[in-house]
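These notes concern the structure reproduced below.
Number of protein chains: 2
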Amino acid sequence: MLASMWTVKVVSLGVVALSLSLELLFWLFSHRRSERATNKVLFFPSEVACVEHIFSPTLPHSHVCSLPHGVDTSFSRLLRYILSACSSLDLCLFSFSNMDLSRAVLLLHSRGVTVRVLTDKVYSAINGSQIGVLRKAGICVRCDVSAVHMHHKFAVVDGRMLITGSLNWTLTAVQSNMENIIITEEPDLVQPFLKEFCRLWGLNDSAQYLNSVTD
Amino acid sequence: MLASMWTVKVVSLGVVALSLSLELLFWLFSHRRSERATNKVLFFPSEVACVEHIFSPTLPHSHVCSLPHGVDTSFSRLLRYILSACSSLDLCLFSFSNMDLSRAVLLLHSRGVTVRVLTDKVYSAINGSQIGVLRKAGICVRCDVSAVHMHHKFAVVDGRMLITGSLNWTLTAVQSNMENIIITEEPDLVQPFLKEFCRLWGLNDSAQYLNSVTD
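If you read the sequences in order, they're chains A and B.
Residues in the first sequence are numbered from 1 upward in steps of one, following the working numbering.
Residues in the second sequence are numbered from 216 upward in steps of one, following the working numbering.
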C-alpha cells in the first residue's frame, strides 16, 4: 500500500517535470524562431536584377530581359514582403515613383487586398509619381493636407508586419542611395505605426477637411 | 532501505520540477520585460518644449527660457536615449543641423564617449550643418565619398541600442515634419546596422580612399 502511494507520487512528479520541460523547450524554440522570423534588415543600394519571376513565377523570362535572373537581392526581398499581403496594405510614403513597387501594389489591389495610400501632397504631383496611377486604378489615396512634409516611409502588411526605414519608394533610393529598411512583426513596433497610420488617415480625410475649412 | 531509495527519487524529481518551473518563470518574465523595454517608437513633429533640464538636470532654467518646462516630448526622449551612451556612439546621418542634438553629441564626446560620425558629403557642407562644429571639437567625422547619397538616419548607442527611422537630425524634421523613429535593442536589428556602419566606416576611410585614387 505504502509502495503504491509512493509510486503514484513519483509518477505525478515525473509528469509535472516532463510537462514543464516540454513547455520550457517550446518557449525556447518559439522565442528563438519568432526572433529570427520577424526581425529582418535590408540595406540598399540593391543589386540590379530581373524581378519578373516575382510577379509571374511560372513564366520563363530570361529571353525578354537582359538583367541577371534568379538573384536574391534586397529589392526582390522587399517586393516579396509586400506581395505577401493577404488582406490589407497600408502605405504611408513621402515619395512613390518606383514602377516595380507600383506594379506590386496594383497586383495586390487586383487580388482584392484593401490598399490605403497616404502620401505627401507636394511629392505626389512631381514628374514620375505613381500616385496618379494608383488612384486611377481605384486605390484609395489620401494626400497630406498640412503645410509640412509627410516624411514617413512605412508600410503595414495585414496589420501585422511593419516595413520601415530611410528608403523612399523611388528608383534612385533602391538602386543608388545608401538606405535601410527594417521588416518586423514585433507588436511593440507594429502597433504604434498602425495607430499612427489610422490617426493620419482620419486627419487627412478630404471630406472632413473640406467641412472644417468651410465651417 | 526501499523507502529511503524512493524518498531520494521523489526528492530528486521534486528538485528537477522546481528548478524547471523557476527557469520557465524566469524566461517568461525576462521575455516579456525585454519586449517592453527594448522596442519603442517615437513620432514627430515633437511638441516644442525646453530641453535645458536634460543637459543640466540640477539647474533651474525656467527664468532663462520662455518654452514650457518639464514636458516629456518625442524630442526630449530622443535626447535622453542618445545621452544614455556610456562608451560609444556611432552616427550615420544624411543631414545633421539640429543644434540640441549637436550639443548632446558634444557633451558625450566631452565625457569620453567614443563618437564616430559618418555623413553625406554634400549635406555636410550646407548652411547650418553641425558637421564642422563636431569636427572642430575633435570628433572623428567621415564623409561618404561616393557619388550617391548616404541617406541613412541611424545611431547605435554603446553597440547595443539602435535609433533609426525617417528623421533627419534637423530642426524642420523635429518640429515640423511627420516623422518616425524606432528605438530597439533587438540583436537581430541592432547587429546588421552595426555591421553596416563598420563596413561604411572602413569604406570611407579618407586615407584608404586617397591611396586607392593615387594607385
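Cβ atoms here follow ideal geometry from the backbone N, Cα and C, with glycine treated the same way.
All figures in this text were calculated on a predicted structure; none of them were measured in a lab.
The beta carbon of aspartate 158(A) lies closer than 7 Å to those of Ala85, Cys86, Ser87, Ser88 in the same chain, with the five residues before and after it left out. DSSP places arginine 135(A) within a helical segment (H, G or I) once states are collapsed to three. With at least 16 other beta carbons inside 10 angstroms of its own, arginine 357(B) counts as buried. By the rule that beta-carbons nearer than 7 Å mark a contact, tryptophan 27(A) touches chain B. At least 7 Å separates the beta-carbon of leucine 13(A) from that of leucine 237(B). The continuous beta strand (DSSP E) containing arginine 142(A) extends over residues 140-144. For asparagine 39(A), the residues of chain B that pass the 9 Å Cβ criterion are Thr399, Glu401, Pro402, Asp403, Leu404, in the order they occur in the chain.
Per DSSP, glycine 112(A) lies in no beta strand (DSSP E) segment and is marked neither H nor E. Judged by beta-carbon spacing, leucine 134(A) lies beyond the 7 Å limit of leucine 235(B), meaning their Cβ atoms are not closer than that value. For glycine 14(A), the chain B residues whose C-beta falls within less than 8 Å of its own C-beta are Leu228, listed in chain order. Boundaries of the alpha helix (DSSP H) harbouring threonine 387(B): 386-390, taken from the DSSP string.
Those residues of the segment 288-321 of chain B placed with their C-beta closer than 9 Å to a C-beta in chain A are Cys307, Phe309, ordered along the chain. Taking C-beta atoms as the reference points, valine 371(B) and aspartate 305(B) count as a pair closer than 7 Å. Below 8 Å, too few C-beta pairs join the segment 3-12 of chain A and the segment 148-155 of chain A to call them touching: fewer than three. Here the C-alpha atom of valine 148(A) lies approximately 19 Å from the C-alpha atom of phenylalanine 311(B). DSSP, read as helix, strand or coil, puts lysine 121(A) in helix. Residues of chain A with a Cβ closer than 8 Å to the Cβ of leucine 235(B) are, in chain order, Ala17, Leu20, Ser21, Leu24. Nearest neighbour of leucine 333(B) by Cα position, chosen from Ser325(B), Leu308(B), Val231(B), turns out to be Leu308(B).
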